[in-house]
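Participant: In our numbering, the protein residues as written are 16 to 372.
Here a beta-carbon is modelled for each residue, glycine too, at the ideal position from N, C-alpha and C.
Nothing here was measured: the structure is a model prediction, and the numbers come from that model.
The structure follows.
In structure tokens:
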């Protein structure tokens with residue numbers, strides 16, 4: 016009976032061990048470098064923010080935002096009042112009017128358009144295009160920086176794991192040395208000093224191994240943060256166990272590609288172009304401006320006279336007006352009080368007129 020119970024107990028223990036082993040294996044996921052990169056590009060929050068900023072810059076690149084298109088507005092109003100009036104006459108009589116209601120209403124449609132503003136509109140449109148391209152380059156650079164961080168951390172983790180394996184082997188050698196020195200001490204072939212020295216070496220190697228395990232955990236956490244994993248406790252395994260060096264890299268080709276394709280250099284060039292466009296926008300203030308405006312207005316006013324009409328109710332008079340207006344405005348800024356924000360540009364200088372000599 017006891018033997019049968021022991022057999023059943025061993026079977027249950029074996030099944031439980033197999034179950035938890037399978038569950039632990041399923042909880043572990045193997046990641047190669049490409050999976051690290053693809054996961055991070057999809058989930059990293061800094062990339063999402065940069066992409067949203069790129070979308071904003073793209074939405075700002077419109078002809079209307081630059082000032083090419085007119086601005087049309089409408090205003091509509093309706094109101095009124097109710098009044099009561101008492102008139103005292105010289106003969107002692109009174110004229111009283113109660114509940115006299117007056118109504119007013121208006122509707123207006125206005126159009127404003129800049130016909131010329133010293134090429135400000137055209138230059139602003141070019142600037143918006145450059146800002147749109149800078150937004151795209153910023154997204155590209157953020158992705159490149161993220162990929163560079165992941166690659167560096169990935170291969171650093173591989174290196175740290177190789178260090179861990181070496182230290183683990185060193186601990187096993189130290190353990191074997193302690194065992195041998197202990198046997199020799201028990202046989203009287205060596206002193207206790209040698210055994211204690213071996214134990215000291217074993218403790219030192221074990222301490223370095225524990226520290227190296229913490230370094231590996233820290234590196235794994237950094238990789239998980241770059242991938243923006245929801246649970247940092249997820250167990251992930253590396254597919255690679257070594258770093259493969261590409262011997263075909265040529266310094267001159269890499270330098271030429273960097274100078275031509277480096278995203279940071281392209282952004283710097285775009286920022287230089289934007290600064291030049293800002294300078295042209297400031298210079299455009301020296302030109303005259305021409306604006307066109309037009310509008311259509313309709314107004315209505317109805318008021319009760321306080322007299323009785325032929326139908327037995329109060330007589331109502333009304334007044335309506337329709338006005339069409341248009342206007343051309345030509346202006347020029349002659350003097351702005353040496354305001355540095357509106358300083359005019361001097362073509363013979365590479366800065367503002369009031370800040371260069």
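Would you mind reading off the limits of the alpha helix (DSSP H) that contains residue 79?
Facilitator: Residue 79 -> alpha helix (DSSP H) spans 78 to 81.
Participant: Between residue 82 and residue 129, is the Cβ-Cβ spacing less than 8 Å?
Facilitator: Yes.
Participant: Determine, using beta-carbon pairs with one atom in the region 231 to 241 and one in the region 166 to 178, whether at least three such pairs fall under 8 Å.
Facilitator: Yes, they touch.
Participant: For residue 326, count neighbouring C-beta atoms within 10 Å of its own C-beta (all shown protein chains included) and say buried if the count is 16 or more, exposed if not.
Facilitator: Its pLDDT being 46, under 50, residue 326 is placed unreliably in this model, and the value from its coordinates should be taken loosely. With fewer than 16 Cβ atoms within 10 Å of its Cβ, residue 326 is classed as exposed.
Participant: So residue 175 and residue 256 are supposed to be a Cβ contact under 8 Å. How far apart are they, rounded?
Facilitator: Not a contact, Cβ separation roughly 12 Å.
Participant: Confirm, please, whether the CB-CB distance from residue 152 to residue 285 is below 8 Å.
Facilitator: Contact flag set, yes.
Participant: Can you tell me the Cα-Cα spacing of residue 295 and residue 66, whole angstroms?
Facilitator: Whole-angstrom Cα-Cα distance: 29 Å.
Participant: Does residue 109 come out as helix, strand or coil in the three-state DSSP assignment?
Facilitator: Residue 109: strand per DSSP, three-state reduction.
Participant: Tell whether a beta-carbon distance below 8 Å holds between residue 193 and residue 213.
Facilitator: Against a cut-off of 8 Å, the Cβ pair of residue 213 and residue 193 comes out as a contact.
Participant: By the DSSP assignment, the beta strand (DSSP E) with residue 272 in it spans what residues?
Facilitator: Element bounds for residue 272: not the beta strand (DSSP E) but the alpha helix (DSSP H), 266 to 276.
Participant: In terms of residue numbering, what span does the beta strand (DSSP E) encompassing residue 253 cover?
Facilitator: Residue 253 -> beta strand (DSSP E) spans 251 to 253.
Participant: Just list the residues that DSSP pairs residue 307 with in beta bridges.
Facilitator: Residue 307 is bridged to 128 and 343.
Participant: When DSSP labels each residue in this structure, what does residue 353 get in the three-state scheme?
Facilitator: If DSSP states are grouped into helix, strand and coil, residue 353 belongs with coil.
Participant: Kindly list the residues whose CB is nearer than 7 Å to the CB of residue 362, restricted to its own chain and excluding five residues on each side of it in sequence; keep chain order.
Facilitator: Confidence is the limiting factor: at residue 362 the pLDDT is only 43, short of 50, which leaves the residue's position unreliable, though a coordinate-based value still follows. Contacts found: none.
Participant: Tell me the residue span of the alpha helix (DSSP H) that contains residue 173.
Facilitator: That run of the alpha helix (DSSP H) goes 135 to 202.
Participant: Using a C-beta cutoff of 8 Å, does residue 295 count as contacting chain B?
Facilitator: Among the chains of the structure shown, chain B does not appear; only one protein chain is present.
Participant: For the structure I just gave you, are there three or more beta carbon pairs, one from the region 299 to 318 and one from the region 339 to 348, closer than 8 Å?
Facilitator: Because the criterion of three Cβ pairs below 8 Å is met, the region 299 to 318 and the region 339 to 348 touch.
Participant: At the level of alpha carbons, what is the spacing between residue 102 and residue 118?
Facilitator: The alpha-carbon atoms of residue 102 and residue 118 are separated by roughly 23 Å.
Participant: What did DSSP end up calling residue 96 once you bin it into helix, strand or coil?
Facilitator: It is a strand residue.
Participant: Using alpha carbons as the reference points, say which of 99, 54 and 180 lies closest to residue 112.
Facilitator: Comparing Cα positions, the closest option is 99.
Participant: In this structure, does DSSP put residue 245 in helix, strand or coil?
Facilitator: Three-state result, residue 245: coil.
Participant: Whose CA, out of 154, 141, 278 and 227, lies closest to the CA of residue 182?
Facilitator: Comparing Cα positions, the closest option is 227.
Participant: Closest to residue 71 by CA distance: which of 180, 149 and 162 is it?
Facilitator: Out of 180, 149 and 162, 149 has the C-alpha closest to the C-alpha of residue 71.
Participant: For residue 133, count the other beta carbons within 10 Å of its own beta carbon; 16 or more makes it buried, fewer makes it exposed. Which is it?
Facilitator: Buried is the call here.
Participant: Tell me where the beta strand (DSSP E) around residue 375 begins and ends.
Facilitator: No statement about residue 375 is possible, as the shown extent of the chain runs from 16 to 372 and does not include it.
Participant: Using only the alpha-carbon positions, how far apart do residue 57 and residue 218 sit?
Facilitator: Spanning the two alpha carbons is a distance of roughly 44 Å.
Participant: Any idea which residues DSSP pairs residue 101 with across the strands?
Facilitator: DSSP, once it has assigned bridges, lists 111 as partnering residue 101.
Participant: On the three-state DSSP scale, how would you describe residue 87?
Facilitator: Residue 87: strand per DSSP, three-state reduction.
Participant: Please classify residue 51 as buried or exposed, where buried requires at least 16 neighbouring CB atoms within 10 angstroms.
Facilitator: Buried, since its Cβ has 16 or more Cβ neighbours within 10 Å.
Participant: Measuring alpha carbon to alpha carbon, tell me which of 163, 147, 116 and 246 ends up nearest residue 49.
Facilitator: It is 163 whose Cα lies nearest to the Cα of residue 49.
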